């Protein structure tokens with residue numbers, strides 16, 4: 014019996030559903046741990062999509078700009094309601110820059126490649142130690158595990174599909190993230206199962222810009238509902 018594979022659109026929709034459940038749980042049902050457990054799948058799924066997106070995008074600047082701009086809008090929107098909100102899109106924006114660096118520097122010689130990558134990673138590490146970036150430096154690195162796994166697999170097992178190394182690398186990254194974050198975040202490792210079911214088809218729908226609308230929109234709706242409930246409660 015052949016297992017039905019997920020399309021890339023279906024994986025993104027699953028990630029958005031998990032993210033929405035997580036944010037609803039955080040806003041209205043903080044004691045319902047199972048909602049947060051489901052939400053732990055969202056960031057890893059988006060991280061894997063970012064790793065693939067960086068590899069296939071035709072316009073690297075626009076891809077980074079779209080993710081960063083959406084994250085920045087949410088940061089600015091949340092400032093009047095509290096402190097800095099380092100949402101996951103800012104984290105993934107940093108991941109994109111690291112992935113771009115790896116791609117640009119990997120043919121520049123081993124020492125230069127390692128030095129430049131380490132330098133940029135060190136800058137982001139210090140930033141994560143200074144500013145409350147969602148998921149921290151471990152989250153920034155997560156998409157790089159997929160790319161590192163692919164690159165190592167291509168070098169060692171030439172002729173065998175590199176997707177195997179990519180997903181093995183990402184699984185190691187999930188274990189690292191779970192170990193660093195601890196607590197309910199350990200459930201992030203469950204994200205490997207839908208990723209293993211991911212096929213090569215993109216899907217029928219064009220969802221290129223849908224997420225950039227959905228992310229701030231769902232936060233705005235949840236935020237407005239919470240404010241309304243608090244006003245009613247007095």
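Residue numbers (this note's numbering): 14 to 247. Glycine included, each C-beta is placed from N, C-alpha and C at the ideal position. Please read all numbers here as calculations on a predicted model, not as lab measurements.
{"Item": "Grab the span of the alpha helix (DSSP H) containing residue 38 for me, first residue to last.", "Value": "21–41"}
{"Item": "Taking the C-alpha atoms as reference points, what is the distance between residue 141 and residue 154?", "Value": "12 Å"}
{"Item": "Could you give the distance in angstroms between the alpha-carbon of residue 100 and the alpha-carbon of residue 201?", "Value": "17 Å"}
{"Item": "Which two residues bound the contiguous alpha helix (DSSP H) that contains residue 121?", "Value": "From DSSP, residue 121 is part of no alpha helix (DSSP H); its letter is neither H nor E."}
{"Item": "Here's the rule I'm using: 16 or more other beta-carbon atoms within 10 Å means buried, otherwise exposed. How should residue 38 be labelled?", "Value": "buried"}
{"Item": "Ordered along the chain, which non-local residues of its own chain (more than five positions away) have a Cβ less than 8 Å from that of residue 35?", "Value": "48, 49, 51, 52, 53 and 55"}
{"Item": "Can you give the beta carbon distance from residue 22 to residue 216, rounded, assuming they're within the 8 Å contact cut?", "Value": "3 Å"}
{"Item": "In its own chain, which residues sit with a C-beta less than 7 Å from the C-beta of residue 86, not counting the 5 before and 5 after it?", "Value": "229"}
{"Item": "Kindly indicate which three-state DSSP category residue 173 falls into: helix, strand or coil?", "Value": "coil"}
{"Item": "Distance, Cα to Cα, residue 207 vs residue 234?", "Value": "28 Å"}
{"Item": "With a threshold of 9 Å between beta-carbons, can residue 163 be considered close to chain B, or not?", "Value": "This model lacks chain B altogether, as it is built from one protein chain only."}
{"Item": "Using a threshold of 9 Å, state whether the C-beta atoms of residue 63 and residue 80 are closer than that.", "Value": "yes"}
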